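These notes concern the structure reproduced below.
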Amino acid sequence: MQPTIKILQPKKLVGLSLKMSLVKNLTGRLWGQFGPRIREIQNRVSEDKISMQVCPPDYYAKFSPTTEFTKWAAVEVSSYDILPEGLQTFDLHGGLYAVFDYKGSSADTSIFQYIFTDWLPKSGYVVDDRPHFEILGPKYKNNDPNSEEEIWIPVREK
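Counting from 1 along the sequence shown, just add 17 to a position and that's the residue number in the working numbering.
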C-alpha cells in the first residue's frame, strides 16, 4: 500500500481530548462522550470525524506502549465563533503528510505496523513531530472489515 504525499492546510478542530496510552486505551470512552455532542457544533465544514493523536516529542524514537499521548475526537469547523460549553478547540497546523487510504477494521493495528516498520524506513521520509490523525468519512464503520478511512502521518524528508 503506497500513500499519497499531501500538504495539509491548517484546520480548526472542535472536540474532546483524553490522555491515554496504547496499553490504557480510552478511545471508546472518548468517542462515547463526544459522539452525542457532535450535533451541537455549528460551522462544521463536513460530516467527517477526526480521530487525532498528539504525541510527546520522540514518541516513536523511544516507543513504548505505556507512553501517554493525547487522543482527540473532533470535527473540523470554519470558525470558533460558537463553541458549545465543555468542548475544546485545537489548531491543527499544516504540513507534509503521507496519506494512506485504509480499508479494514479499525481494531486491526497491522496497518500501523506496516507504516512504521516497512513503508517509512524504505521511504525518503521520517515521521515528523506533529499530530497524526484519521479522517473517518461516510464509509467509516467502527470495527467493520469493510470500513474505510484515511490515515494521515506527518512526515518530513530524510
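Every residue, glycine too, gets a C-beta built ideally from N, C-alpha and C.
Remember, it's a predicted structure, so these values are computed and weren't measured experimentally.
Query                                                                                                                          : Result
Cβ shell of Pro101 (< 7 angstroms), same chain only, five flanking positions each side left out                                : Arg54, Glu57, Ile58
Short Cβ contact (9 angstroms threshold) for Ile193 with Lys66                                                                 : Outside the displayed span of the chain (18 to 175) sits residue 193, for which this structure offers no information.
Minimum C-alpha distance to Gln50 - residue among Val62, Asn42, Asn60, Gly32                                                   : Gly32
Asp135 - DSSP class collapsed to helix/strand/coil                                                                             : helix
Beta-bridge pairing of Ile152 - partner residues as DSSP gives them                                                            : Ile67, Glu167
Straight-line Cα distance separating Ala124 from Ser95                                                                         : 31 angstroms
Residues of its chain near Leu35, where Cβ-Cβ distance is below 8 angstroms and the 5 sequence neighbours each way are ignored : Leu43, Arg46, Leu47, Thr87, Lys88
Close-in-space but distant-in-sequence residues of the same chain around Val40 (CB under 8 angstroms, 5 per side omitted)      : Pro82, Thr83
Cβ-based burial, Glu64 [other Cβ within 10 Å; buried from 16]                                                                  : exposed
Lys28, buried or exposed, once every other Cβ within 10 Å from all chains shown has been counted against 16                    : buried
Given Ile132 as reference, the closest of Gly111, Ala91, Tyr77 once Cα atoms are compared                                      : Tyr77
Close beta carbons around Gln70, own chain, < 8 angstroms, minus the five adjacent residues each side                          : Phe86, Thr87, Lys88, Trp89, Pro148, His149, Phe150
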